[in-house]
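Each number in my numbering corresponds to the 1-based position in the sequence shown with 9 added. Ideal Cβ positions, reconstructed from N, Cα and C, are used throughout, including at glycine.
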Amino acid sequence: MITVAAGLEALEDADTVIIPGYDDIDTIHSPGLLTALRAAHARGARLVSICTGVFALAAAGLLDGRPATTHWRHAEQLRRRYPHVDVLPNQLYVDDGDILTSAGVTAGIDLCLHLIRTDLGAAAANTRARDLVAPPRRRGGQAQFIEQFRPEASGDELAPLREWMLDNLAATFTVDDLAEHAHMSRRTFIRRFREETGTTPMAWLTDARIDRARELLEAGSLPVEQVGRLTGFGAPASLRAAFHRHLGTSPQEYRTLFRHKEEPPQT
10 MITVAAGLEA
20 LEDADTVIIP
30 GYDDIDTIHS
40 PGLLTALRAA
50 HARGARLVSI
60 CTGVFALAAA
70 GLLDGRPATT
80 HWRHAEQLRR
90 RYPHVDVLPN
100 QLYVDDGDIL
110 TSAGVTAGID
120 LCLHLIRTDL
130 GAAAANTRAR
140 DLVAPPRRRG
150 GQAQFIEQFR
160 PEASGDELAP
170 LREWMLDNLA
180 ATFTVDDLAE
190 HAHMSRRTFI
200 RRFREETGTT
210 PMAWLTDARI
220 DRARELLEAG
230 SLPVEQVGRL
240 TGFGAPASLR
250 AAFHRHLGTS
260 PQEYRTLFRH
270 KEEPPQT
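1. Going by beta carbon distance, what residues of the same chain come within less than 8 Å of Ser259, once the five residues before and after it are set aside?
2. Would you mind working out which of Leu87, Gly130, Val57 sits nearest Asp104, comparing C-alpha positions?
3. Given that a residue counts as buried once 16 or more other Cβ atoms are within 10 Å of its Cβ, and exposed if not, what is Glu205?
4. Could you name each continuous beta strand (DSSP E) segment of 3 residues or more that falls completely within the region 69-149, going from the start of the chain to the end?
5. Measure the beta-carbon distance from Leu122 to Arg139 and round it to whole angstroms, keeping in mind my assumption that it falls under 8 Å.
6. Could you give the first and the last residue of the continuous alpha helix (DSSP H) run that contains Ile219?
7. Does the CB of Leu231 have a neighbour CB from chain D at under 8 Å?
8. Let me confirm a value: Ala84 is counted as buried when at least 16 other C-beta atoms fall within 10 Å, else exposed. Which label applies?
9. Identify, in the order they occur along the chain, each residue of the same chain with its Cβ nearer than 6 Å to the Cβ of Arg268, setting aside the five sequence neighbours on each side.
10. Whose CA, out of Leu170, Ile199, Pro40, His255, lies closest to the CA of Arg223?
11. Ala48 to Ala143, Cα distance in whole Å?
12. With DSSP as the reference, please indicate the residues paired to Thr25 in a beta bridge.
13. Is Leu141 closer than 8 Å to Asp119 when the C-beta atoms are compared?
14. Tell me which residue opens and which closes the alpha helix (DSSP H) that Pro232 is part of.
15. Going by DSSP, what residue range makes up the alpha helix (DSSP H) through Leu291?
16. Use the C-beta contact count for Ile37: other C-beta atoms within 10 angstroms, 16 or more gives buried, fewer gives exposed.
17. My parser needs the alpha helix (DSSP H) runs of 4 or more residues fully inside the region 169-203; what are they?
18. Less than 7 Å between C-beta atoms, sequence neighbours within five positions excluded: which residues of the same chain meet that for Ala217?
Shown next as structure tokens:
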């Protein structure tokens with residue numbers, strides 16, 4: 010809950026204006042609010058949005074031609090609604106100088122710690138982070154928090170093949186191998202696969218392998234080398250490269266963050 014102690018007039022002399030997130034992103038922003046945000050920006054105030062607060066900045070036209078982020082669940086809607094905004098859906102926060110935007114609520118804490126670090130130095134930010142029981146800096150981006158990367162299929166002709174791919178992630182196969190398994194020509198197979206999933210066979214396969222690797226890292230203590238073999242990435246270097254490319258973090262860092270700890274407490 011936010012207790013409001015002042016009205017929009019407070020924006021007239023604020024050095025930093027923080028726009029919190031709100032539940033209904035379809036909210037119609039009042040002309041007074043949008044005018045106040047534009048005026049604050051015009052006189053040099055720093056504007057900061059947390060999560061869905063970015064929609065207010067976009068509605069005011071302050072993000073046109075600029076990079077911004079929001080919670081990954083709303084990133085595509087932000088892009089569709091405001092096509093002139095350079096939406097960066099994998100970033101925890103974006104610092105574009107006088108306008109800063111963040112993803113979810115926790116990423117909002119990351120951004121606020123960044124502001125403290127920028128204004129008052131690392132020591133002050135680290136002290137505040139300890140008070141919040143939060144890391145001073147988090148590595149990676151939003152991608153590591155998305156539950157599944159594989160797009161939902163809009164057709165089922167190749168559903169049996171996709172199930173077979175999921176059952177054989179450790180195997181090595183090419184697009185030609187998959188096309189032969191589907192009893193199609195390479196060209197027809199690629200076209201049908203994209204029609205059903207919106208992506209290419211190998212991109213879908215990579216996402217499926219990453220999803221499986223994430224499950225193994227979260228649920229157990231298998232060595233990274235074995236996780237790589239079981240998911241078809243092979244050498245640990247290939248698994249690490251895929252994680253950095255798609256999740257912005259390493260397998261070990263991901264395990265540290267998300268592993269389900271079920272061991273009994275030490276006595």
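On the basis of the coordinates in this document:
1. Counting from one through the sequence shown, the residue named residue 259 turns up at place 250. Once the five neighbours on either side are set aside, the close Cβ partners of Ser259 are Arg249, Phe252, His253.
2. As a working mapping, residue 104 is identified with position 95 in the sequence shown. Among Leu87, Gly130, Val57, the Cα nearest to that of Asp104 is on Val57.
3. In the sequence shown, counting from the first residue as 1, residue 205 sits at position 196. That one is buried.
4. 102-104, 108-111
5. Taking the first residue of the sequence shown as position 1, residue 122 is located at position 113. Taking the first residue of the sequence shown as position 1, residue 139 is located at position 130. That pair is no contact at about 11 Å.
6. Residue 219 sits at position 210 when you count from the first residue of the sequence shown. Looking at the DSSP string, the run of the alpha helix (DSSP H) that includes Ile219 is 210-228.
7. The structure shown contains no chain D, having only a single protein chain.
8. Taking the first residue of the sequence shown as position 1, residue 84 is located at position 75. When all chains shown are included, Ala84 counts as buried.
9. In the sequence shown, counting from the first residue as 1, residue 268 sits at position 259. Excluding residues within five positions, the ones whose Cβ falls inside 6 Å are Glu227.
10. Here residue 223 refers to the residue found at position 214 of the sequence shown. Nearest C-alpha to Arg223: His255.
11. Working through the sequence shown from its first residue, we reach residue 48 at position 39. Working through the sequence shown from its first residue, we reach residue 143 at position 134. In a straight line, the C-alpha of Ala48 is about 34 Å away from that of Ala143.
12. Within the sequence shown, residue 25 is the residue found at index 16, counting from 1. According to DSSP, which records beta bridges pairwise, Thr25 is partnered with Arg55.
13. Translated into the one-based positions of the sequence shown, residue 119 becomes position 110. Translated into the one-based positions of the sequence shown, residue 141 becomes position 132. No; because the gap between Cβ atoms is not below 8 Å, this pair is not in contact.
14. Mapped onto the sequence shown, residue 232 falls at position 223. First-last for Pro232: undefined, no H or E at that position.
15. The structure shown has nothing for residue 291, since the chain only spans 10 to 276.
16. Position 28 of the sequence shown holds residue 37. Answer is exposed; the Cβ neighbour count stays below 16.
17. Counting only runs of at least 4 residues, the region 169-203 fully encloses the following alpha helix (DSSP H) elements, listed from N- to C-terminal order: 184-190.
18. As a working mapping, residue 217 is identified with position 208 in the sequence shown. Taken in chain order, the residues that qualify are Arg159, Met174, Leu175, Leu178.
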